[in-house]
Amino acid sequence: MVAVIEDGFPDEQPMALRRMKMVATGALAAAAAGYVGLTFVPGDGIFLGAARAATEAATVGGLADWFAVVALFRRPLGLPIPHVALLPNNKDRIGRSLGRFVRDHFIDPDDIARKAAEADFPGQFAAWLDSPENAQMLADEAATVLPQWVSSFDDAVLKERVRNEVKALVADIDLVATADDVLMALIQRGEHLNIVDEVADLALDWIRSERGEIERQVNAKVVAYMASCFDGYVAKALGVDTKWLMDGSIARTVSGPIADGIVHDVEGKLRDVKDPSRPLRPQLHALVLEHVQKLKANEAWAAKLEGIRTHMIGHRDFDQHFEAIWSMLRERLVQSLEHSREDVAALAAEQLAGLAARLRADEGLRGRLNAAVQSLVRDGVAQHRGNVGEHIAGIVGKWDPKGMANLLELHVGRDLQFIRLNGTIVGGVAGMGLFLVHRLLLAM
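Sequential numbering from 83 applies to the sequence shown in the working numbering.
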């Protein structure tokens, strides 16, 4: 598909070109008319001969330059003359040459990198951030874009890397030593005693709430015992019904104090467990510490922990659990950023203000950033400078040949008309000069 060239020039430029064409063509027509007219004038004087020579040479010079100028853009008079319409016919070659010229003489990596360093982009950025409006605008944009970026971010590589790191971390952990250290730390801090206190409080509440049930159980045992004592011939001899003993005052009198004694004794033991001044608490601490020491030397305990680690990293559900946790964290992050947009914007504005202040105050930092920009620009230009030439050649190659000729003529056509005019004038002067030299030589 041929690209159409939009010139975009003001009306004055085509009009100026047409006026200059009229002037140059008028000069050529005047020279030709003078030559034709002087041909019919009788006589052979020096002035008449000089005028004839001048008009003849002017006509030839004007025609030659007209032909040369027109041949650059199109076929003169549409004639099939070779080596004319040079610009449209050689469009592709001109595009490639222009691309190479721009690439080699304008796209110099060192020169462009030096210009980039002289521009001091970090300093300009700091000056731009000095405006609170600019800093707030950039912070608001960052707070708006950040949730969208996190939501659309392709985290496949990051997720896989984190998954592998988690597995490697779990594989490298010495669970036996870690568990031993954790248990010893908890015991040294007395965390196990806090658990004991919680259990003791729960047990106290339970034993008090179960006091009636304890009395019923004791009553049943007392009745059963008494019934066993009176069972058989004794009960028959005395005429005693053992079922009567279950509701008898003797059983109630005995079971009540026994139940109270049980509850009181248990409550006392539980309070002794919670009281640091009582011997039962340090005994319990020593018992737990002894059990932990034995556990540390227990090979079965170590094997169980190793089995837990192997299960964690090797189980088929690990990846599913990790995916679920990762998705949940990502969703929570996006929601948090969206709900805290104003806070994020305020934090970003604060950080940008701090960055601007540091850039202004730290000349070394600006120098390092400028050096980084210079290196980045140099490498980028060196890597992609060839694309500039190809781009120019490609653009020129898509141009319409006729449109290209018209565009170039609008650019330089007015100056070329001066060449036509000068050719007519210089040709006339040269023709007259040669005629005079010729007559002078004949006179000698």
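Here a beta-carbon is modelled for each residue, glycine too, at the ideal position from N, C-alpha and C.
N301 carries a helical assignment under DSSP once its states are collapsed to helix, strand and coil. With distances taken between CA atoms, A113 lies nearest to M514 out of I194, M514, L211.
With 16 or more other CB atoms across the displayed protein chains lying within 10 angstroms of its CB, W481 is buried. When secondary structure is reduced to three states using DSSP, F235 falls in the coil class, being assigned neither helix nor strand.
CA-to-CA, the gap between A217 and W408 works out to about 33 Å. Selection L145, P204, A111 evaluated against A454 yields P204 as nearest (Cα-Cα).
With respect to the 8 Å criterion, V232 and V416 are classified as neighbours on the basis of their beta carbons. For I296, the CB contacts under 7 Å within the same chain, skipping 5 residues up- and downstream, are A341, I344, V345 in chain order. E138: member of the alpha helix (DSSP H) spanning 128-155, first to last residue.
By the C-beta density criterion, I277 is exposed, having fewer than 16 other C-beta atoms within 10 angstroms. Taken atom to atom, the span from the alpha-carbon of H165 to that of R460 is near 42 Å.
In this model, F155 and R502 are separated by some 15 Å (Cα to Cα). R134 places its beta carbon less than 8 Å from that of L120. Taken in chain order, the complete alpha helix (DSSP H) segments of 4 or more residues contained in the region 427-512 are 445-480. With respect to A136, G485 sits apart: the two C-beta atoms are not nearer than 8 Å.
DSSP places D193 within a helical segment (H, G or I) once states are collapsed to three.
Here DSSP, grouped into helix, strand and coil, assigns E292 to coil. Minimum Cα-Cα distance from D357 among the listed residues S457, D279, D190 corresponds to D279. Nearest C-alpha to L169 among A132, V152, R290: V152.
Within its own chain, the residues whose Cβ lies closer than 7 Å to the Cβ of I289, once the five positions on either side in sequence are excluded, are V345, V348, E349, listed in chain order. Note that the region 462-474 does not touch the region 214-230; fewer than 3 beta-carbon pairs, one per stretch, sit closer than 8 Å. In the structure shown, the three-state DSSP call for P164 is coil. V184: member of the alpha helix (DSSP H) spanning 173-187, first to last residue.
For P214, the three-state secondary structure derived from DSSP is helix. One thing to note: A98 has its Cβ no nearer than 8 Å to the Cβ of R440. Shown here for F404: same chain residues with a beta carbon closer than 6 Å to its own, the five before and five after excluded, namely R245 in chain order.
Here DSSP, grouped into helix, strand and coil, assigns S422 to coil.
Taking the C-beta atoms as reference points, Q456 is found nearer than 8 Å to A198.
Nearest neighbour of L286 by Cα position, chosen from V239, D354, P361, A115, turns out to be D354. DSSP, reduced to helix, strand and coil, places P124 outside both helices and strands of the structure shown, so it counts as coil.
Taken atom to atom, the span from the alpha-carbon of G127 to that of L524 is near 14 Å.
For Y117, the closest alpha carbon among the candidates A221, A132, Q402 is that of A132.
A Cβ-Cβ contact shorter than 8 Å links V478 with K173.
The three-state secondary structure of M410, taken from DSSP, is helix.
Nearest to R521 by alpha-carbon distance, out of H493, R100, F129, is F129. Between the alpha carbons of G181 and P483 lies a gap of roughly 18 Å.
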